[in-house]
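Undergrad: Residue numbers (the numbering used here): 206 to 961.
I have a structure here, written as structure tokens, and I will follow up with some questions on it.
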RNA sequence: GGGCGCAUAGUUUAAUGGUAAAACGUCGCAUUCACAUUGCGAAGACCCUAGGUUCGAUUCCUAGUGCGCCCACCA
């Protein structure tokens, strides 16, 4: 063993060893009778490359999987990727643009061919990156959301909903992305704060010289106005309710209606209603039976108005409306305003609400079933606060627009292939479609429901809630028992890590710099199971790298001692020193604590404890003491035995966190291997209650403190240890070290680093 | 507008109803020892502000401020 651990020398070799062993696959595990433990990966998009969120999330899952595997469970961690409709279509379109081509030029069939080619070439990059991180995923079960079987699952789900009358086609106001040419669901919007203008416009009241003043940020939509609404309790407008006003420019006569949705205090307190181009107005329109007049089309141009407006782009129409209003003297004022504008979560362009014929899934009953399951604790959220947030959304759920007008995706069966499903419609089936559903497979029986889903909070509704209702609907059972929402990784300044802002950190660069183990450990060290966000600090990875090197050298030392003393046939541990009792007690306590922490998702806490123990208890104290215990024939055998068993135990406890280096050490420590097997399937340590010894811990603590006092004293007085001893023996009455045993102990300690 | 989280050393984070711990950084000291990716030591914190509960608050409560995030039909 070299004196410094070099991750690059070992990591790929060890990963290969694991893959060849077959132990990532539950069917090859030695204990076939063990209970199942399964996790379905949150499938990364095929367009993606590994980011810090992935690195953290998958490290967490890998820790859990490795822990339970060692505990004898039949563990399955299933990998896969998501076809990611809009995202992928965008990427390939961009690629085509380099050759000055659009998807329209190619036509649907050719374009889809291109996407499949693209996916073949780049789609698995991210999975290979997970291998570099050390993830013990069962590659033999890798799934893709567009696989043949998965297509069957989506089809089956649609037919099921159709039969039950839960899915319907309807013309409703939906969010339309003009750039991507598709409908989007409510969850696929991002609200961005923007500076805009609020225009105050006078609408003349019919047969009078009076006006009603309305305010709008989108004046072009007045071309589709079919009412003006006021709050029924608004005294200013009470007498106007029921009167007719004339929408300027187009001179349409519309009614003034009363509706609670109007906020008296915003703008002028009177709202123009455009049912075909606003979500809220569409609801109002339905309540009051208003006409829906569509004036903006799918490509963002004006329709159904007149020759002057038809065919104009939204922004041109807006300018024209404003200038005409000015001419008419009906524009009261332009006000600067900051407001939230809905953007497409994929391309960032402004979303236009518009009337459109789409497929909708009725979600109310589905959501109610999820709420019941949550109430019955069939699915448990960790940390608990996410439960409330999930419930809030489920209680206020709206029907889900599941059709998309993009080409890349699952075809909607009834449609003669023109529309596709929302990517999330297929992702919602992930926990069982990956196991073979709708076929009743062995895997489905064994591994459904999974134990936990590990995820970022931003897809709590988009994905997790929808998986739960799909699971209940199709499998009759929640798809996972626990939802663990891990913290979000922020940049050091507390801002979001994002590629576009250039604040992202590439985990692969970190792996290159510090090794996969240090990257994993450094990440986990920074999190707290309860926390919402973490400011990523690279210094933690430096500490971790040093820690791993420390572990490496501790092992090297023990290996040396084992070679010096080959008698490992100790039948009893007597006589046993205080230090021996202490370390045995401590390591058993540690085993208990780490096991509990992992199972409660307290991984950061566990990592900190392992770091502290390995370095500052085992290495700093026991290893130093072992040096003189090793010189005494009476204590030598025990010491070597305890060193061996302790490091073995520590390697097991550390393995889920830093799998590569622990596996390598395990392999190198001659005589430590059990049945010549790999650490990945070594049996997780059991706590030996008999060895937990409170008294020994307290006694040892006293000696530690004494030694620390001596160190301090020595530093302050700037004298050597020899001078302390000499001073002591010269004058017994002035002695600092009165007890001869302590003097003796400290003399021994000079041979170590405890006092030097 | 509603909700959630956070606020502690220069920095990133712990813990705690009895004035606080670690890592990195800083400053000393050590060096043929498994490890300089090391060991030992030191300096460094009015624990965000204001009230309240309490014998006592950094910790519990309330309000405020700042930062981060989520939800919402502010047109």
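By construction, the Cβ of each residue, glycine as well, lies at the ideal position given by its N, Cα and C atoms.
#1: Within its chain, find whatever has a CB closer than 6 Å to the CB of residue 542; leave out the 5 residues flanking it on each side and keep chain order.
#2: Does the separation of the CB atoms of residue 253 and residue 331 fall below 9 Å?
#3: Are the beta-carbon atoms of residue 890 and residue 848 separated by less than 9 Å?
#4: Drop a sphere of 10 angstroms on the beta-carbon of residue 396, count the other beta-carbons inside from all chains shown, and report buried for 16 or more, exposed for fewer.
#5: Any chance the region 232 to 241 sits against the region 207 to 221, with 3 or more Cβ pairs inside 8 Å?
#6: Who pairs with residue 380 in a beta bridge, going by DSSP?
#7: Taking Cβ to Cβ, would you say residue 724 is nearer than 9 Å to residue 260?
#8: For residue 629, collect the residues of the same chain with a Cβ closer than 7 Å to its Cβ; drop the 5 residues on either side in sequence, then sort them by chain order.
#9: Who are the Cβ neighbours of residue 598 in its own chain at under 7 Å, not counting the five residues just before and after it?
#10: With a threshold of 16 other CB atoms inside 10 Å of the CB of residue 694, please say whether the residue is buried or exposed.
#11: Would you say the region 902 to 916 touches the region 796 to 805, given that touching needs at least three Cβ pairs under 8 Å?
#12: Just verifying my parser: in three-state terms, what is the DSSP assignment at residue 371?
#13: Tell me residue 565's beta-bridge partners as DSSP assigns them.
#14: I'd like to confirm the pairing. Which residues does DSSP put opposite residue 403 in its beta bridges?
#15: Using CA coordinates, which residue listed in 535, 566, 711 and 329 is at the minimum distance from residue 371?
#16: Rounding to the nearest angstrom, what Cα-Cα distance links residue 555 and residue 546 in this structure?
#17: If contacts are defined as beta-carbon pairs under 8 Å, then residue 625 and residue 290 qualify, I think. What distance do you get, rounded to the angstrom?
#18: Please identify the residue among 288, 497 and 515 whose C-alpha is closest to the C-alpha of residue 504.
#19: With DSSP as the reference, label residue 363 as helix, strand or coil.
#20: Can you give me the start and stop residues for the beta strand (DSSP E) that residue 244 sits inside?
#21: What do you reckon, are the CB atoms on residue 787 and residue 959 nearer than 9 Å?
#22: If you draw a straight line from the C-alpha of residue 678 to the C-alpha of residue 571, how long is it?
#23: Inspect the CB distances between the region 347 to 359 and the region 514 to 530 and report whether three or more fall short of 8 Å.
#24: Assuming residue 209 contacts residue 754 under a Cβ cut-off of 8 Å, what Cβ separation, rounded to an integer in Å, is found between them?
#25: Considering only residues of the region 775 to 843, which uninterrupted alpha helix (DSSP H) runs meet the minimum length of 4 residues and lie entirely inside it, listed in chain order?
#26: Mapping DSSP to helix, strand and coil, what is residue 753?
#27: Could you check what DSSP says for residue 904 in three-state terms: helix, strand or coil?
#28: Straight-line CA distance for residue 873 to residue 764?
#29: Following the continuous beta strand (DSSP E) through residue 224, name the residue where it begins and the one where it ends.
#30: By alpha-carbon positions, which one of 294, 353 and 856 ends up nearest to residue 552?
#31: Evaluate contact between the region 408 to 421 and the region 467 to 480, counting only Cβ atoms and requiring at least three cross-stretch pairs below 8 Å.
#32: Across which residues does DSSP place residue 887 in a beta bridge pair?
#33: Taking the straight line between their C-alpha atoms, what separation do you get for residue 501 and residue 508?
#34: Take residue 351 and list the residues in its own chain whose beta-carbon comes closer than 6 Å to its own, dropping the five residues that flank it on each side.
#35: Residue 382: which of 354, 610, 682 and 533 sits nearest, CA to CA?
#36: Just to confirm, does residue 753 get its C-beta within under 8 Å of one of the non-hydrogen atoms of the ligand ZN?
TA: Taking the geometry as given:
#1: Indexing the first chain from 1 puts residue 542 at position 337. By the criterion of a C-beta distance shorter than 6 Å, residue 542 is surrounded in its chain by 401 and 403, once the five residues flanking it on both sides are discounted.
#2: The sequence position of residue 253 within the first chain is 48, counting from 1. The sequence position of residue 331 within the first chain is 126, counting from 1. Cβ distance < 9 Å, so residue 253 and residue 331 count as in contact.
#3: Walking along the first chain from the start, residue 890 turns up at place 685. Walking along the first chain from the start, residue 848 turns up at place 643. In this structure, residue 848 does not lie closer than 9 Å to residue 890 by Cβ.
#4: Working through the first chain from its first residue, we reach residue 396 at position 191. Exposed, since its Cβ has fewer than 16 Cβ neighbours within 10 Å.
#5: no
#6: Working through the first chain from its first residue, we reach residue 380 at position 175. The secondary-structure analysis by DSSP pairs residue 380 across a beta bridge with 389 and 558.
#7: For the purposes of this step, residue 724 is identified with residue 519 of the first chain, where counting begins at 1. For the purposes of this step, residue 260 is identified with residue 55 of the first chain, where counting begins at 1. Yes; because the gap between Cβ atoms is below 9 Å, this pair is in contact.
#8: Mapped onto the first chain, residue 629 falls at position 424. Answer for residue 629: 667, 668 and 671, listed in chain order.
#9: For this step, residue 598 is matched to residue 393 along the first chain. Same-chain partners within the cutoff: 666 and 670.
#10: To locate residue 694, count along the first chain from 1; it is residue 489. Burial is judged here by how many other beta carbons sit within 10 angstroms of a residue's own beta carbon; residue 694 has at least 16 and is buried.
#11: no
#12: Residue mapping note: residue 371 aligns to position 166 of the first chain, counting from 1. Note: residue 371 maps to coil in three-state DSSP.
#13: As a first step, residue 565 must be located in the first chain, where it is residue number 360. 373 and 606, per the DSSP bridge assignment.
#14: For this step, residue 403 is matched to residue 198 along the first chain. For residue 403, which the question treats as bridged, DSSP gives the partners 540.
#15: Your numbering for residue 371 matches position 166 in the first chain. Residue 566 is the option with its Cα nearest to residue 371.
#16: As a working mapping, residue 555 is identified with position 350 in the first chain. As a working mapping, residue 546 is identified with position 341 in the first chain. Looking at the two C-alpha atoms, the distance is approximately 7 Å.
#17: Position 420 of the first chain, counting from 1, holds the residue named residue 625. Position 85 of the first chain, counting from 1, holds the residue named residue 290. Rounded, the Cβ-Cβ distance is 7 Å, consistent with contact.
#18: Here residue 504 refers to the residue found at position 299 when the first chain is read from its first residue. For the options 288, 497 and 515, the alpha carbon positioned closest to that of residue 504 is the one of 515.
#19: For the purposes of this step, residue 363 is taken as residue 158 along the first chain, with counting starting at 1. Here residue 363 sits in helix by DSSP.
#20: Stepping through the first chain from its first residue, residue 244 is reached at position 39. First-last of the beta strand (DSSP E) with residue 244: 241 to 245.
#21: Here residue 787 is taken as the residue at index 582 of the first chain, counted from 1. Here residue 959 is taken as the residue at index 754 of the first chain, counted from 1. In this structure, residue 959 does not lie closer than 9 Å to residue 787 by Cβ.
#22: In the first chain, counting from the first residue as 1, residue 678 sits at position 473. In the first chain, counting from the first residue as 1, residue 571 sits at position 366. Approximately 7 Å, taken between the alpha carbons.
#23: no
#24: Here the question's residue 209 lines up with position 4 in the first chain. Here the question's residue 754 lines up with position 549 in the first chain. That belief holds up - the Cβ atoms of residue 209 and residue 754 are roughly 6 Å apart, short of 8 Å.
#25: The region 775 to 843 is shown to contain whole alpha helix (DSSP H) runs of 4 or more residues at 783 to 804, 808 to 818 and 829 to 834, in chain order.
#26: As a position in the first chain, residue 753 is number 548, starting the count at 1. It is helical.
#27: To locate residue 904, count along the first chain from 1; it is residue 699. It is helical.
#28: Sequence index remark: in the first chain, residue 873 carries index 668 (1-based). Sequence index remark: in the first chain, residue 764 carries index 559 (1-based). Distance between the alpha carbons of residue 873 and residue 764: 9 Å.
#29: Indexing the first chain from 1 puts residue 224 at position 19. Counting along the chain, residue 224 falls outside any beta strand (DSSP E), though it belongs to the alpha helix (DSSP H) covering 212 to 226.
#30: As a position in the first chain, residue 552 is number 347, starting the count at 1. Each of 294, 353 and 856 was checked against the Cα of residue 552, and the nearest Cα belongs to 294.
#31: These segments touch.
#32: For the purposes of this step, residue 887 is taken as the residue at position 682 of the first chain. Paired residues: none, contrary to the question.
#33: Residue numbering aside, residue 501 sits at position 296 when the first chain is read from its first letter. Residue numbering aside, residue 508 sits at position 303 when the first chain is read from its first letter. Each residue's Cα considered, the two are about 6 Å apart.
#34: Here residue 351 refers to the residue found at position 146 of the first chain. Here the set comprises 288.
#35: For this step, residue 382 is matched to residue 177 along the first chain. Closest by alpha carbon: 610.
#36: Absent from the structure shown: the ligand ZN. Ligands present: none.
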